[in-house]
Amino acid sequence: MSLALKPRDLEPALQAVSPFRELGAYEALWLEKSASFKSLADKFRADPLALPSDFVEPKTADAAAIDVLKKFREAGISRFGVRVNKAGDYPKRLREARHPIELLYYRGAWELTETRSVAIVGSRKASLEGQRRAARLARHLVERDITVVSGLAEGIDTAAHKATLEAGGKTITVVGTPLHHIYPKQNKALQERIARDFLLISQVPALRYDAQDYRRNRTFFPERNVTMSALTEATIIVEASETSGTLTQARAALHQGRKLFILNACFGQGLKWPERFAEQGAIRVREPDDIWNALG
Amino acid sequence: MADLRLTKIDESLQELHYHLSEDDSCYFLFEYTSGQGFGYSATNQLIANIKKSPLTRNTLQWRYKTRDMGQCSVDLARALPDSVKAQLTFVPVPPSKARDHVEHDDRMKQICEGIGEGVDVRELVYQTASTRASHENDERITVEELMEVYAIDEARCDPVPAAIAIIDDVITAGTHYRAMADTLRARFPDTQIIGVFIARRVYPDEPDAAA
Chain A
5 MSLALKPRDL EPALQAVSPF RELGAYEALW LEKSASFKSL ADKFRADPLA LPSDFVEPKT
65 ADAAAIDVLK KFREAGISRF GVRVNKAGDY PKRLREARHP IELLYYRGAW ELTETRSVAI
125 VGSRKASLEG QRRAARLARH LVERDITVVS GLAEGIDTAA HKATLEAGGK TITVVGTPLH
185 HIYPKQNKAL QERIARDFLL ISQVPALRYD AQDYRRNRTF FPERNVTMSA LTEATIIVEA
245 SETSGTLTQA RAALHQGRKL FILNACFGQG LKWPERFAEQ GAIRVREPDD IWNALG
Chain B
96 MADLRLTKID ESLQELHYHL SEDDSCYFLF EYTSGQGFGY SATNQLIANI KKSPLTRNTL
156 QWRYKTRDMG QCSVDLARAL PDSVKAQLTF VPVPPSKARD HVEHDDRMKQ ICEGIGEGVD
216 VRELVYQTAS TRASHENDER ITVEELMEVY AIDEARCDPV PAAIAIIDDV ITAGTHYRAM
276 ADTLRARFPD TQIIGVFIAR RVYPDEPDAA A
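One line per chain: the protein sequences are A and B, in this order. Per the numbering used here, residue 5 is the first one in the first sequence, and the count goes up by one each step. Per the numbering used here, residue 96 is the first one in the second sequence, and the count goes up by one each step.
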């Protein structure tokens, strides 16, 4: 009789990442009642060598993964990927976020994260002039072969993505919904086009999102702005109100040591935030060269 | 523990590597995108560099080849825990050109040797004849064709390996891994066999690309 070990016996010692198991474990962690990006980040801060699967029973993780795949399949998504902290192709710069993300879902060409990129963000209820400015900036970025990153929301985000595509540029969207949702509905075609030809990233847990009240899901939007900032070398704010989620990205950019640009039109409108961020190191953009000179 | 982990080719990734079965334990570090050229990603560049022909030995390109082979060694060393390294015999997939061929390129052997002092690297399998390089080749070589030219180098079989890691740069369909694993399994029926790759080949995200 052979006493030989089966191939799987090396597996625990290898400590390899199984994407299926890890996405299930990440989803299961998010199903815990008090889960938040902070609570998860705290968990991994306390145990820096851990993977999501170290905190979840394999059976629980695999069951969650099967549920997620089913949801994606039902939404017509057959091809997607995940990036897991500690595995290859996870961008190290995402660790500069205050509460770094352990796992991200994506559709499209992950390689776009290796390109030079700048985020253009701003209000959903943007003025026409703001949308024109966003489009103009996007075209300037395309001319410089810089990838335009935004959040697919109405208003500024949409203007930035659309102008980028029209100019033949590259774009990444970091969305505030799970992969199997379309938001906003009127951007369905845009979302699909970016996912198919470029890159769509989501850090939003699919099961939690579907399980909880939609009002609580709103927090996923500003939280994805933190990742958008971490992914890019700079953020340009075109237009934003005093309570806009865009300001989350402004804070994140400064915290992460990214350049933060605020268009001149934001100043002198009776808003407090432009001056406040300028004092903290943001660059007031009076003319486009202010951006290009600072980006180098 | 490592700041870079291997990724397992689990059931969610296996469809692109159809020669693998559920019983195979294969791992990779990065993703290489097919048909996009070396400039497409850092990994495409890395793989293009290490695959440069030995005929470029006296050109500037050689510097990139040796530099990136060194990088592969470092990455494997980071990703493989010491306890695993100590148990493994690293068996490189033999080069497509036989040992007496001018383009014989033993890069995988050199990458394995660069993993660290004292690692057991053995060319347990060699080719009795040259084959066409299969990477990105329209007319792909089959598992059966490979097994016909694969031979065990008996002079290197002692001691019997406790565990074998078949090492290659890119896993595509898994043809070479399958032929290597089956060849080695026949000779060492009681030895664990795993596959470790610098990269797995993926396709750009087109609906029919993987069909």
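For each residue, glycine too, the CB sits at the ideal point set by N, CA and C. A quick note: this is a predicted structure, and the numbers were derived from the prediction, not measured.
For the set B/Ser-120, B/Ala-143 and B/Asp-264, the Cα lying nearest the Cα of B/Gly-130 is the one of B/Ala-143.
Under the DSSP assignment, A/Ala-282 falls in the alpha helix (DSSP H) whose first and last residues are 277 to 283.
Scanning B/Leu-175, B/Ala-281, B/Val-255 and B/Thr-270 for the CA closest to the CA of A/Val-21 turns up B/Leu-175. In terms of beta-carbon proximity, A/Gln-19 lines the interface with chain B, with at least one pair separated by less than 8 Å.
In this structure, DSSP gives B/Ala-224 a state outside helix and strand, which the three-state scheme calls coil.
The beta carbon of A/Ala-101 sits no closer than 8 Å to any beta carbon of chain B. Residue pairing from DSSP places A/Ser-121 in a beta bridge opposite A/Thr-151. The contact set of B/Ile-206 on chain A, defined by CB atoms closer than 8 Å, is empty, because the minimum CB distance reaches about 16 Å. Judged by beta-carbon spacing, A/Val-153 lies beyond the 8 Å limit of A/Thr-252, meaning their Cβ atoms are not closer than that value. When DSSP reads this structure, B/Tyr-127 sits in a beta bridge with B/Arg-296. For the pair B/Tyr-122 and B/Val-291, the CB atoms are nearer than the 8 Å cut-off.
In the DSSP annotation of this structure, the continuous segment of the alpha helix (DSSP H) that includes A/Leu-35 starts and ends at 23 to 35. For A/Val-289, same chain residues with a beta-carbon under 7 Å away, outside a window of 5 residues either side, are Phe-265, Ile-266, Leu-267, Asn-268 and Ile-295 in chain order. Here A/Gln-207 is buried. Its C-beta has 16 or more other C-beta atoms within 10 Å. No residue range can be given for A/Tyr-94, since it is assigned to no beta strand (DSSP E) and is classified by DSSP as neither H nor E. Residues of the segment 70 to 99 of chain A with a C-beta atom less than 7 Å from some C-beta of chain B are Arg-83, Lys-90, Ala-91, Gly-92 and Asp-93, listed in chain order. A/Pro-52 counts as exposed, since fewer than 16 other beta carbons sit within 10 angstroms of its beta carbon. By the Cβ test, the segment 240 to 255 of chain A is not in contact with the segment 203 to 217 of chain A, since fewer than three Cβ pairs between them sit closer than 8 Å.
At least one beta carbon of chain A lies nearer than 8 Å to the beta carbon of B/Tyr-122. Closest in alpha carbon position to A/Glu-158, among A/Leu-55, A/Ser-38, A/Gln-273 and A/Asn-191, is A/Asn-191. The residues Gly-112, Ala-113, Leu-116, Lys-174, Thr-175 and Ile-176, in chain order, have a CB closer than 7 Å to that of A/Phe-202 in the same chain once the five nearest residues on each side in sequence are set aside. Against chain B, the CB of A/Glu-196 has no partner CB under 8 Å away; the residue lies outside that interface. Taking the C-beta atoms as reference points, A/Pro-209 is found no nearer than 8 Å to A/Glu-15.
Straight-line spacing of the CA atoms in A/Arg-143 and B/His-114 works out to 46 Å. DSSP, reduced to helix, strand and coil, places A/Ile-160 within a helical segment of the structure shown. At a cut-off of 8 Å between C-beta atoms, B/Glu-126 counts as an interface residue with respect to chain A. Leaving aside the five residues that flank B/Val-188 on each side, the residues in its chain whose CB is nearer than 8 Å to its CB run, in chain order, Met-203, Val-220, Ile-261, Ile-262, Asp-263, His-271, Tyr-272 and Met-275. At a beta-carbon threshold of 8 Å, the residues of chain B lying near A/Glu-118 are Ser-136 and Ala-137, ordered along the chain. In summary, B/Glu-239 is exposed, with fewer than 16 beta-carbon neighbours lying within 10 Å of its beta-carbon over all protein chains present.
Counting along the chain, B/Ala-260 sits inside the beta strand (DSSP E) bounded by residues 258 to 266. For the segment 207 to 218 of chain A, no residue has a beta-carbon sitting nearer than 8 Å to a beta-carbon of chain B. In the three-state scheme derived from DSSP, where H, G and I count as helix and E and B as strand, B/Asp-215 is classed as strand.
Contact annotation: A/Leu-211 and A/Ala-68 have beta-carbon atoms nearer than 8 Å. Per the Cβ contact rule, the segment 33 to 49 of chain A is in contact with the segment 94 to 110 of chain A (3 or more Cβ pairs under 8 Å). Contact between the segment 240 to 255 of chain B and the segment 163 to 178 of chain B is absent: fewer than three C-beta pairs spanning the two stretches fall below 8 Å. Residue state for A/Pro-52 is assigned as coil, using DSSP reduced to three classes.
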